[in-house]
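The listed protein sequences correspond, in order, to chains Z and S. Using our numbering, the first residue of the first sequence is number 1, and each one after it goes up by one. Using our numbering, the first residue of the second sequence is number 1001, and each one after it goes up by one. Every residue, glycine too, gets a C-beta built ideally from N, C-alpha and C. Remember, it's a predicted structure, so these values are computed and weren't measured experimentally.
2 protein chains.
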Amino acid sequence: MALIVQKYGGTSVGDPDRIRAVADHIARTARAGNQVIVTVSAMGKTTDDLIRLANDVAHDPRGREMDMLLTAGERISIALVSMAVNDLGVPALSFTGSQAGIVTDTEHGNAKIVEIKGDRIKEALDSGNVAVVAGFQGVSTAKEIVTLGRGASDLTAVAMAARFGADACEIYTDVEGVYTADPRIVPNARKQSRITLEEMLEMAATGGRVLALRSVEYARNHGVKIHVRSSFTWAPGTWVEEENPNMEQAIISGVTHDASEAKITIEQVPDQPGVAGKVFRSLADEMVNVDMIVQNVSTAGHTDISFTIPRVDVTRSAPIMDKIVAEIDAAGYQTDDSIARVSLVGAGMKTHPGVAATMFETLANNDINIEMISTSTIRVSCVVRESDVERAVVALHDAFELGV
Amino acid sequence: MALIVQKYGGTSVGDPDRIRAVADHIARTARAGNQVIVTVSAMGKTTDDLIRLANDVAHDPRGREMDMLLTAGERISIALVSMAVNDLGVPALSFTGSQAGIVTDTEHGNAKIVEIKGDRIKEALDSGNVAVVAGFQGVSTAKEIVTLGRGASDLTAVAMAARFGADACEIYTDVEGVYTADPRIVPNARKQSRITLEEMLEMAATGGRVLALRSVEYARNHGVKIHVRSSFTWAPGTWVEEENPNMEQAIISGVTHDASEAKITIEQVPDQPGVAGKVFRSLADEMVNVDMIVQNVSTAGHTDISFTIPRVDVTRSAPIMDKIVAEIDAAGYQTDDSIARVSLVGAGMKTHPGVAATMFETLANNDINIEMISTSTIRVSCVVRESDVERAVVALHDAFELGV
């Protein structure tokens, strides 16, 4: 008897028809002799609707009351999915994050999982029920209701899979799996049948929207096997799992892109120990998520530091930047929110030198200027003009022969 | 420093504007130096919408999963009300029924309150917060989420008032108080400035829709003072409280009517001890709520028994009735769902003989046939044709000179 975790996103349970289709698949999985834990997101645009209501009644709603509000969305979907599964003659019980024993720290809106108790889930499974768990939510060590951050329904599924040693964690979504590039931009993009957790991590971090970054990190730390697939076609999707040394790696598993960030450049920074630390500590203290950081070699005792941050944080970063520039005695700073990042990800590039060179040549041949570069062992990222990024994705996908 | 409980119904918190108006009133009450516990219902038609969704995904949704679903409605409204109060600079915290310590039995959909713990509410009040409690819900002794039955948000408010010895339990609704008759039928109906809990109980039981019956019972048992008033005009409404022996009673405090019931008559029932017991035990076992019961004197060893039940229960009562008729060897039974009940309620009628006679004469003078009669010390009810009931209300309101 296998234990399967299935996660259904907002579009997968967007209306009663979709809920009945999902319930049918859950019931089949259970009837095939599997134990099943289901995690669901809020239906369709419910979360956005609730946020809009909150902004209509208060000026800066957040924290405890916002979490109380938003957790209603998953409560509705777990109840409806359970009813629909019960209606097919397969017993199912719904559980809130709190009832499922998802214990977190006390950071409202973005709580971190501390422990998964799961006693009631185990009991439900042992007595022959499908357990339907609300994604995205938990209970803090202070006994308050919290949310785990947007997109964290994936995290709930992966955490449940880790806690119960599930044979597979199936993430159902509205695409068929992980593609070599965004199929809306590259029509001949190819669905990968498998990629490694490390590749998925780099893809999630650089704009691959299929899985949330935190859930991939959690899966890697706990050895969870993820199967990303479609709840619309039910076709086999992409397996995301630990690297298998017997299997030859594709050199490149995908081209990702991300146009949600802005670039900040601090000019004429005195080249002294401790300066970079000061800059990024100040931003971290204000919870601004800094992504790429590039510092050039120093000339004449000064250097420029460039980094990217989410565009939505640009406005509230301005006073922090003014303070930093004064403190470290830099010449000033510039913000550029017309950039985008294009990345090549592939575990195979570790053993294939020349990937970066081919990438830079390809961009140059297409008259696309590279503004920043950063690399990891399995990724090369370039910052380019936002207006060039789709051409960059198509050119790279073609140059590395990733298409069908 | 007084402790005030305020309850806001679904229309009172029906949209963001209403929520901000309610928050303003709560903030004023708190700023005036009162401790405030607020209870809210789900916004507008939320509960109906959720029930519709449930019926779209399953054939007979109820029990545990239905309660999980419906409790989302009040969760949304407590969070929004708390945010809006906080936004006015008055600290407020929201609590689910479970967090408020409303402990119940295990009957899903219609749970009875067993105990109000309220530790977290006390803590919130002691530290200067408004406590906003979800109406209509609690946690069962089996640690499951339950609902207390429709209209039970009033009950939550009254139970909180009883637990904390509140100085007043203000029930805010979309009417200005308790009227001598339904103003939609009797334009000159008068708002009562006060009525007794006993009168309110009889009115609630006979079609007065302002307060739910269970909440009035709970208030009477625990000596809670209720003030029914409007959240649209904020004008003083009707005080519902224990009888004050120094105050002269109005003879009649109101005419109520109810067209939600059907009449069932069992014909030719053998006049033997135990027969009535059998009939009503069988119905009670199936949770059919029997209201008026009338049995005529027996002739030739047989009698007819008539009673009223909610029309919504007629269909599911049919097999029970067939079984009962066979068991007690009656001739058969008839169902009539075109009836309505008109009632006169008034604590003063105890000391004023002739009220019933005047009522019957008034109906006769208006050619309205009386099909069943039942009385209590402070109420007389007549079953009439449904098509006659509005005329009956107007005629009685006039005959007893109840108008403005």
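(message) Taking the alpha-carbon of A189 of chain Z as reference, which of Z:S230, Z:V178, Z:E198 and Z:L197 has the nearest alpha-carbon?
(response) In terms of Cα proximity to A189 of chain Z, the closest of Z:S230, Z:V178, Z:E198 and Z:L197 is Z:V178.
(message) In the DSSP assignment, the beta strand (DSSP E) including R1229 of chain S goes from what residue to what residue?
(response) Membership of R1229 of chain S in the beta strand (DSSP E) is indicated by the continuous run I1226 to S1230.
(request) Specify, as a first and last residue, the run of the alpha helix (DSSP H) that V1297 of chain S falls within. (result) Segment: none, V1297 of chain S is in no alpha helix (DSSP H) and carries neither H nor E.
(message) Just to confirm before moving on: does the CB-CB distance between G14 of chain Z and M43 of chain Z stay below 7 angstroms?
(response) Contact: yes.
(request) Decide if K1278 of chain S is buried, meaning its Cβ has at least 16 other Cβ atoms within 10 Å, or exposed. (result) exposed
(message) Between I145 of chain Z and M68 of chain Z, how many whole angstroms is the CB-CB distance? I'm expecting something under 8 angstroms.
(response) 6 angstroms
(message) On the CB-based measure, 16 or more other CB atoms within 10 Å of its CB, does K1191 of chain S come out buried or exposed?
(response) So K1191 of chain S counts as buried.
(request) Identify the continuous alpha helix (DSSP H) that holds T1029 of chain S and give its terminal residues. (result) P1016 to R1031
(message) If you follow the alpha helix (DSSP H) that G277 of chain Z is in, where does it begin and where does it stop?
(response) Unbroken alpha helix (DSSP H) run through G277 of chain Z: V275 to D285.
(message) So, under 8 angstroms CB-CB, V1081 of chain S and A1027 of chain S are touching, yes? Tell me the CB distance rounded to an integer number of Å.
(response) Their Cβ separation, rounded to whole angstroms, is 11 angstroms, which puts V1081 of chain S and A1027 of chain S out of contact at 8 angstroms.
(message) I'd like to check one pair, Y1172 of chain S with Y1008 of chain S: are the Cβ atoms closer than 7 angstroms?
(response) yes
(request) Determine the direct distance from the alpha carbon of R194 of chain Z to that of A347 of chain Z, and round the result to whole angstroms. (result) 12 angstroms
(request) For K263 of chain Z, count neighbouring C-beta atoms within 10 Å of its own C-beta (all shown protein chains included) and say buried if the count is 16 or more, exposed if not. (result) Taking every protein chain shown into account, the CB of K263 of chain Z has 16 or more other CB atoms within 10 angstroms, so this residue is buried.
(message) Would you say E241 of chain Z lies against chain S (beta-carbon separation less than 7 angstroms)?
(response) no
(request) Determine whether the Cβ of I121 of chain Z lies closer than 7 angstroms to any Cβ atom of chain S. (result) no
(message) Quick check: the Cα distance between P236 of chain Z and R385 of chain Z, rounded to an integer number of angstroms?
(response) 36 angstroms
(message) For a quick check, are the C-beta atoms of H1397 of chain S and V1255 of chain S less than 7 angstroms apart?
(response) With contacts defined as CB atoms closer than 7 angstroms, H1397 of chain S and V1255 of chain S qualify as a contacting pair.
(request) Taking only the alpha-carbon atoms, compute the straight-line gap between A1284 of chain S and A84 of chain Z and give it to the nearest angstrom. (result) 30 angstroms
(message) For a contact defined as C-beta to C-beta under 7 angstroms, what are the partners of V1312 of chain S on chain Z?
(response) Simply none; closest approach about 21 angstroms.
(request) Determine the burial state of S338 of chain Z: buried for a count of at least 16 other Cβ atoms within 10 Å of its Cβ, exposed for fewer. (result) exposed
(request) State yes or no: is the C-beta of V240 of chain Z within less than 7 angstroms of the C-beta of L197 of chain Z? (result) yes
(message) So the candidates are Z:F164, Z:A131 and Z:R75; which of them puts its Cα closest to the Cα of I116 of chain Z?
(response) Looking only at Z:F164, Z:A131 and Z:R75, the smallest Cα-Cα distance to I116 of chain Z is reached by Z:F164.
(request) Identify the contact partners of R1020 of chain S in chain Z, using a Cβ-Cβ distance below 8 angstroms as the criterion. (result) V57
(message) Once the 5 residues before and after E1243 of chain S are set aside, which same chain residues still bring their CB inside 6 angstroms of it?
(response) T1196
(message) Which residues in chain S have a C-beta closer than 8 angstroms to the C-beta of D167 of chain Z? List them in chain order.
(response) Residues of chain S passing the Cβ test: none, with the nearest at roughly 27 angstroms.
(message) Cβ closer than 8 angstroms: which chain S residues qualify as neighbours of A84 of chain Z?
(response) Counting only Cβ-Cβ distances below 8 angstroms, A84 of chain Z has contacts in chain S at V1057 and A1058, in chain order.
(request) Return the Cβ separation of T1047 of chain S and L1070 of chain S in integer angstroms, given the expectation that the two are a contact with Cβ distance under 8 angstroms. (result) 6 angstroms
(request) Starting from the C-beta of H1222 of chain S, find all residues in its chain whose C-beta is less than 6 angstroms away, skip the five residues before and the five after it, and write them out in chain order. (result) A1162
(message) Quick check on P1270 of chain S: buried or exposed, where buried means 16 or more other Cβ atoms within 10 Å of its Cβ?
(response) exposed
(message) Considering just the uninterrupted stretch of the alpha helix (DSSP H) at Y8 of chain Z, what are its terminal residues?
(response) Not the alpha helix (DSSP H): Y8 of chain Z falls in the beta strand (DSSP E), residues L3 to Y8.
(request) Determine, using beta carbons only, whether V57 of chain Z and P1016 of chain S come nearer to each other than 7 angstroms. (result) yes
(message) Check whether chain S comes within 7 angstroms of R75 of chain Z, counting only Cβ atoms and requiring the distance to be less than that.
(response) yes
(message) Quick check: what's the CA-CA separation for E1217 of chain S versus D126 of chain Z?
(response) 43 angstroms
(message) According to DSSP, is R385 of chain Z part of a helix, a strand, or is it coil?
(response) strand
(message) To the nearest angstrom, how far is the alpha carbon of D1258 of chain S from that of L1155 of chain S?
(response) 21 angstroms
(request) Please name the residue or residues paired with F1095 of chain S in a DSSP beta bridge. (result) In the DSSP assignment, F1095 of chain S is bridged to S:V1133.
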